[in-house]
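The listed protein sequences correspond, in order, to chains A and B.
Residue 1 is where the first sequence starts when you use our numbering, and the numbers rise one by one after that.
Residue 707 is where the second sequence starts when you use our numbering, and the numbers rise one by one after that.
Don't be surprised by glycine CBs; every beta carbon is placed ideally from N, CA and C.
Fair warning: this is a prediction, and the values are worked out from it, not measured in the lab.
Here's the structure, in structure tokens; my notes come after.
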Amino acid sequence: MPNVNKRRLCGEFRLSDIGKEVNVMGWVDSLRDHGDILFIHLRDRSGIVQVVFNPAKSSADVIDLAGKLKTEFCIGVAGHVIERENDTKNPVLLTGDIEIVADELEIYGKSPALPFAVSEKAAEQGEGVIVTEPVSEEIRMQYRYLDLRRPSIHDNMVKRHRVCKNIRDFLDMCGFVEIGTPVLTKSTPEGARDYLVPSRIHKNKFYALPQSPQLFKQLLMISGFERYFQIVRCFRDEDLRPNRQPEFTQLDIEASFIDEEFIYELIESLVVKMFETGGIDLPRPFGRMPYSEAMDSVGSDRPDLRFGMYFKDVTDIFADTGYEIFKQILNRGGVIKGIKVEDSSGMLSKNVLQNEYAKQIVPSFGAKGMTWMRVVGDTLQSNIIQFFSEEEQAAALKRFSAKDGDVILLIADMSHKTVASALGQLRLHIAERLGLIPDGIFSPVWVTGFPLFEETDEGISSTHHPFTAPERKDFNPQDREELLSLRSRAYDLVINGEELGGGSIRINDSELQHRIFETLGLSEADVEEKFGFFVKALQYGAPPHGGIALGLDRVVSMILGTSSIREVIAFPKNRNAYCPLTDAPSQIADKQLDELGLLDFSRPRNIPGMHEEKELMDSLSWLSRIGIKDEENNLIESALDDAIRLGSVMKKHAGDEEPAFSTVKIENRYRNGDTARVCDLAKSGDLLKNAPSIKGGFFKVANIIE
Amino acid sequence: MEKDFVYMNPDRRSREENGVFSGPVARLQPNMSVEGWPCDAGSAALENYVALEDATVTERLKEGDFFIKGFTRMGELGFGLRGDTAAGAVCGGKADIAFLTDTLGESRVAASLKGLFGYKPSYGVVSRYGLIGLVPSMECYGIVSGSLENISKTVMIISGFDSRDPSTDESPPDFNITLDMKNPTIGFLSQCMALLDEKEKEAFRASLDIAREAGIGVVELGFDDFSLMADVHNVIGSVEASSSGGKYDSVRYGHRAKSDNNWNDMYIKSRSASFGSIVKAYMLQGGYFQYKAYSDFLSACRIRARILQKTNRLFEKADLIVMPTSRRNLSIDIQYSISDIYKTFTFSLYANITGGPAVSVPGLAITEDTDIGFQILGPIREDRRVLSLASILTAAINRKGAK
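What follows is the structure, given as structure tokens:
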């Protein structure tokens, strides 16, 4: 029998092993039956080796047993290594010069038919490329344990480990200590919704899962650790986005007696090391860009600097324009900005500019419209060029240094924010469409000088969080104008338009902290209830300190160039924050709810009073995505009253029969899904005939990715 | 006549104009797909929708040389009878038939109100492919006609296995009417009798007497769960409606409302405008069970399982179960709440829950002002039995009338 204690890894065999007796263990990656002789690719965590079952060389028992093998059986083989015939060597496999002739075989675990192929290497020589078969992500996640066997994703996990190991080694070298902080904790003000855990002992009270260990790491600074880090799981119950997980991993760092420069130096060295794991050399030093400049030049606080197309302000050029739309916008204090797309008039036809961009795409970015001008020779062409004077045209050409073949795109609006945001999205859209974003380039940049506060409907709130230090302390909490102009000591790390992390120098002065709370409109009682423990701690000699947190899933995903962060998480949730593998979240038994004192929460309480009723109706309207008109309120309210009543009748009268969902036997009569079949109606395009809106052979819908 | 139709077959080949044509005439509802016809299922959710292919039933009708006259008016997505004109459109001739979507018993109740036969085949014998419905586990094509023979011939043509509808049986049951049943026994339910008013009771008892005279045994049966029937249907039906209504998202077809540029807004506004208030309320009831009280839905399905078991036991004591089809003084067109609709179908929805065949016979249970219909229910796939008894009883009334 194969001996586990003498096991060697499949991927390590080379010509020098010829003649050796060896033991290998792993999974059957693929099989190839050549009549009498059976070849298998045996895969373990190190790679693949070919094993041969040859009736001329192995016993009949072994050959018989080998006949039962199927892909992904877990087996052990004892055998001896031989060199392959020259013409059967496989250059794609590192072990392709040799093969193992099986003398003994043991099947450790069988496997039923697979939901998808695990193997990524074709068994036939010369076809050694990775075979990619599109498999729905839902199925992959449902059988994640099989998905993780696939070498490419297996490798992602190993590389992720390698990145984490580098982080720990490097920070350890710099004197940082990894300290754990609690997972069951108190809700902290990070701005997103908390995941809550009900307490059984303290009825009707809840722990919150941390959105970040913000207050704890600041407490650790007060505790004198000076340099702390943690690779920590954080939780946010936010609205669904394609590349977001309800739980995510963050590299959390905090240090005392430091300033921004320390953070920049430390993080740049660290991030460069992390990217080296993926074979990427990041240029140092990282760029720095004040928030205001980022907004002015690319319209986003996450600037993608891999390409140009920076904004130019042309408000002054059109100050006295005869063009009515611009005139009205400027009269009301508006602004006009634009970008130049070089050598693009071939790709951006009048039709594309007017019908796609001006009419559809730019309005979807929130602006009312877009003005375009194509440079032809040394003049400008546009559908509205007749409204602009020669001076204005000349000035615009000069401002953009535009030449023949360039296209100038302008957005005008009363709101400076709208112009920045719409033009920023337009810049990215055009760059993406025209392929102006170079591959393999990484442009890290620190964005700094964020506003400390931002205006909201309710008043003023912190741009980051209330513990961020302001650039100066001598502000007047009552002076709104002044408050909104204040800068913070926060910084974000952005690479290629993606925010990988952010942090700040914190407030270490309890008097200042109180003034910030006052500015935010928090009463003494609010402060006491929410962060009393923390404000108290600040009084006991808090050192100057600051830190940062990096989104580890995102960084690793960028390093490995994966299509989503789910590819670098072993057991991710899907886009709906659901785990197809374990079926979490799931219902729980009434008994459990009862223990937690939550039984009353398990169903909408049918108490007289509009509030609950309205909440139930709103919630169902949202979940069902069916809007309710005012005049339908009464009818639907009474229908829901009925539903609640019906529910209790059902509960009362149900026995323990298995639920019947149909009166006929449920059996699958659909064809096997082994080959793709395109419906004739789709082929002919008839399927699109009933669509309310189509575009270029596709159904057209509202934006799904926000 | 034409006001009963929302769409008329543009092919003018009608019996009036062309003496050669002799095939029967069928009326469909606009949720039964006919290629190239506007199939809006009576709902804004399918505004401007034109069917791309024939439903299986349509296909088989065409092959069977039926003339499809047009689409009658229907209640939204076949839920209830408000505004429905199918049975009215059939009054003209005996050879005519109309199809109704039978979700709660619409075909039988509509037939009883017009003095016609209304028949719901066993679930799974007629393909629902191309039927745009709301409650998949309980709805099916119902047939209304003045002639049982025609009903029997029609269902033979449209029934049978369809690979495109996984709920269809491998082979259709027997639909041949026989007048030679061996000492049949029918049972009526005491719980059902208790729900009738005096006049209805009197009319129903009179119809039992006619049966006895025709040599049929009559027994009284008990069924405690009968009072739960409408509630079970409501819970399960609303959940299926909410679920099957999910496809009306304004992407591939239907009504797209003006919305801000975001998908949720698009869905909410489009779906708000797509559904009428009743269907909307029904789907939100379903949403309540799906999102807030799923275990109550499971309870309803458990009760449904018990109803199926107990019904099987009832059919060990009687060959067929009988009860009225509808009530006196129904006002179909001024309903509006879901519970009002359910009251209309108190007796008919039982067969939708069990999937068994049922036929409503006119002329038997008549109060002074209304024919409440005499409903015959059989075990699943015993369609022949219900049609045959209907035929025997109809012959008995005719004999009586002739005396």
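Enclosing beta strand (DSSP E) for residue i [first to last residue]
{"i": "A:F176", "result": "Segment: none, A:F176 is in no beta strand (DSSP E) and carries neither H nor E."}
{"i": "A:L15", "result": "Looking at the DSSP string, A:L15 is not in any beta strand (DSSP E), and its letter there is neither H nor E."}
{"i": "A:H429", "result": "Counting along the chain, A:H429 falls outside any beta strand (DSSP E), though it belongs to the alpha helix (DSSP H) covering H416 to R433."}
{"i": "A:S371", "result": "Going by the sequence as given, residue 371 of chain A is Thr instead of Ser. Looking at the DSSP string, the run of the beta strand (DSSP E) that includes A:T371 is T371 to V376."}
{"i": "A:V92", "result": "Careful: A:V92 lies outside any beta strand (DSSP E) and carries neither H nor E."}
{"i": "A:G459", "result": "G459 to S462"}
{"i": "A:H41", "result": "I37 to D44"}
{"i": "A:V197", "result": "L196 to P198"}
Neighbour flag for residue i against chain A, beta carbons, 8 Å
{"i": "B:A1064", "result": "no"}
{"i": "B:F727", "result": "Since pLDDT at B:F727 reaches only 44, below the 50 mark, its modelled position is unreliable, and the value read off the structure follows with that caveat. False, the Cβ-Cβ gap to chain A never drops below 8 Å."}
{"i": "B:G1084", "result": "no"}
{"i": "B:W969", "result": "yes"}
{"i": "B:A850", "result": "As written in the sequence, residue 850 of chain B is Val, which differs from the Ala given in the question. Judged by the 8 Å Cβ criterion, B:V850 is not in contact with chain A."}
{"i": "B:G839", "result": "no"}
{"i": "B:R1012", "result": "yes"}
{"i": "B:S858", "result": "no"}
Interface partners of residue i on chain A, CB under 9 Å
{"i": "B:S1043", "result": "L635, S638, A639 and D642"}
{"i": "B:V740", "result": "Those within 9 Å of B:V740 in chain A number zero; the least Cβ separation is about 14 Å."}
{"i": "B:L934", "result": "V649, M650 and H653"}
Delimiting residues of the alpha helix (DSSP H) encompassing residue i
{"i": "A:Q328", "result": "E324 to N331"}
{"i": "A:H80", "result": "Looking at the DSSP string, A:H80 is not in any alpha helix (DSSP H); the run it does join, the beta strand (DSSP E), is C74 to E83."}
{"i": "B:E898", "result": "Sequence check: residue 898 of chain B is Cys here, not Glu. Residues S896 to M899."}
{"i": "B:V796", "result": "A792 to V796"}
{"i": "A:D590", "result": "D590 to E595"}
{"i": "B:Y1000", "result": "Y1000 to K1023"}
{"i": "A:N530", "result": "The question names Asn, yet the displayed sequence has Lys at residue 530 of chain A. Here the alpha helix (DSSP H) through A:K530 covers E524 to L538."}
{"i": "A:M295", "result": "Y291 to V298"}
Residue i in three-state terms, based on DSSP
{"i": "B:P744", "result": "strand"}
{"i": "A:L640", "result": "helix"}
{"i": "A:N23", "result": "strand"}
{"i": "B:S956", "result": "coil"}
{"i": "A:G609", "result": "For A:G609, the predicted structure reports a pLDDT of 48, less than 50, and the residue's modelled location is therefore unreliable. A value from the coordinates is still provided. Here A:G609 sits in coil by DSSP."}
{"i": "A:F365", "result": "coil"}
{"i": "A:K159", "result": "helix"}
{"i": "A:V407", "result": "strand"}
{"i": "B:Q1081", "result": "strand"}
{"i": "B:I873", "result": "Inspection of the sequence shows that residue 873 of chain B is occupied by Ser rather than by Ile. Residue state, collapsed to three classes: coil."}
{"i": "A:S586", "result": "coil"}
Contacts of residue i in chain B (Cβ-Cβ under 8 Å)
{"i": "A:K689", "result": "V756 and L758"}
{"i": "A:D686", "result": "L758"}
Chain B contact residues for residue i, given Cβ-Cβ distances below 7 Å
{"i": "A:R575", "result": "Correct list: empty, because the minimum Cβ distance to chain B is about 13 Å."}
{"i": "A:A660", "result": "C1007, R1010, A1011 and L1014"}
Proximal chain A residues relative to residue i, where beta-carbon distance stays under 7 Å
{"i": "B:G830", "result": "V664"}
{"i": "B:I1009", "result": "M650, H653 and A654"}
{"i": "B:N940", "result": "L646"}
{"i": "B:A1006", "result": "M650"}
Any chain B beta carbon closer than 8 Å to residue i
{"i": "A:D698", "result": "It should be noted that the sequence gives Phe, not Asp, for residue 698 of chain A. By this cut-off, A:F698 is not an interface position."}
{"i": "A:F229", "result": "no"}
{"i": "A:V701", "result": "yes"}
{"i": "A:P692", "result": "yes"}
{"i": "A:A584", "result": "no"}
{"i": "A:P242", "result": "no"}
Chain-ordered chain A contacts of residue i [CB-CB under 8 Å]
{"i": "B:T1060", "result": "T663"}
Residues in the region 806-821 of chain B with C-beta within 7 Å of chain A's C-beta atoms, listed in sequence order? The region 806-821 of chain B vs chain A, Cβ under 7 Å: nothing.
Of the residues that make up the region 947-964 of chain B, which ones have a beta carbon closer than 9 Å to any beta carbon in chain A? Contacts with chain A (Cβ-Cβ distance below 9 Å) from the region 947-964 of chain B involve S948, G951, G952, D955, S956, V957, R958, Y959, G960, H961, R962 and A963, listed in chain order.
Please list the residues of the region 971-989 of chain B that have a C-beta atom closer than 9 Å to any C-beta atom in chain A, keeping them in chain order. Those would be D971, M972, Y973, I974, K975, S976, R977, S978, A979, S980, F981, S983, I984, K986, A987, Y988 and M989, in chain order.
What are the residues in the region 616-632 of chain A lying within 9 Å of chain B by C-beta distance? Listed by position along the chain: L616, M617, S619, L620, S621, W622, L623, S624, R625, I626, G627, I628, K629, E631 and E632.
Contacting positions in the region 427-450 of chain A - beta carbon closer than 9 Å to chain B: Result list empty, no residue passes.
Which residues, in chain order, does the region 989-1000 of chain B contribute to contact with chain A at a C-beta distance below 9 Å? Residues passing the 9 Å Cβ filter: M989, L990, Q991, G992, G993, Y994, F995, Q996, Y997, K998, A999 and Y1000.
The region 68-99 of chain A: positions lying closer than 8 Å to chain B by Cβ: Look at the region 68-99 of chain A: it has no residue with a C-beta under 8 Å from a C-beta of chain B.
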